[in-house]
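Okay, so the sequence shown: first residue is 1 according to full-length UniProt numbering, each after it adds one. Cβ coordinates follow ideal geometry from the N, Cα and C atoms, glycine included.
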Amino acid sequence: MAEPRERTFIMVKPDGVQRGLVGTIIKRFEKKGFKLVALKFVWPSEELLKNHYSDLASRPFFPGLVKYMSSGPVVPMVWEGLNVVKTGRQMLGATNPADSQPGTIRGDLCIQVGRNIIHGSDSVESANKE
């Protein structure tokens, strides 16, 4: 019997796109054995971002987050594979790059919490919504 495969949503944020890290990030997921099943290059509207981050709307950093995320193009992707949500989150590293381990995407490639280059779903349910 085949192993159940799940999907996750991963998005390279504007700073990751501006720094030319999309290929590097894709390569890491492919090397792990995950399958890329969807990819877009898009400049998100404020309306889309407010909907996407609606769970953070009451937080003091929300306006800055929306402004930053609408400052340039992003690359949303859907990846498929065994335990891809959990493993993908581990590959990303901690939200604060200073807390991320070497070998993680954030640990290796970024230094600022507000510009942490990548978003990843925290659950299968979130991935389906996103």
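Would you identify the three-state DSSP class for residue i, choosing helix, strand or coil?
i           : result
Q18         : helix
K13         : coil
A94         : coil
E130        : coil
residue 133 : Not covered by the structure: residue 133. The range shown for the chain is 1 to 130.
V37         : strand
Less than 8 Å separating the beta-carbons of residue i and residue j?
i   : j    : result
W79 : F34  : yes
K32 : H119 : no
R5  : L92  : no
F62 : Y68  : no
Among the options, which residue has its Cα nearest to the Cα of residue i?
i    : options              : result
V85  : S121, L65, S71       : S121
T8   : S100, A38, R19, Q101 : A38
E130 : V17, T95, Q18, K50   : K50
G23  : M77, L56, L65        : M77
Who are the near neighbours of residue i in its chain, counting only those whose CB is closer than 7 Å to its CB and skipping five residues on each side?
i   : result
P97 : R106, G107, C110, I111, Q112, V113, N116
Who are the near neighbours of residue i in its chain, counting only those whose CB is closer than 6 Å to its CB and skipping five residues on each side?
i   : result
F29 : W79
For residue i, which residues from the same chain have a beta carbon less than 8 Å from its beta carbon, with the 5 sequence-adjacent residues on both sides left out?
i    : result
S123 : V85
Taking only runs of the alpha helix (DSSP H) that begin and end inside the stretch 42 to 92, which ones reach a length of at least 4 residues, in chain order? 46 to 52, 62 to 69, 84 to 92
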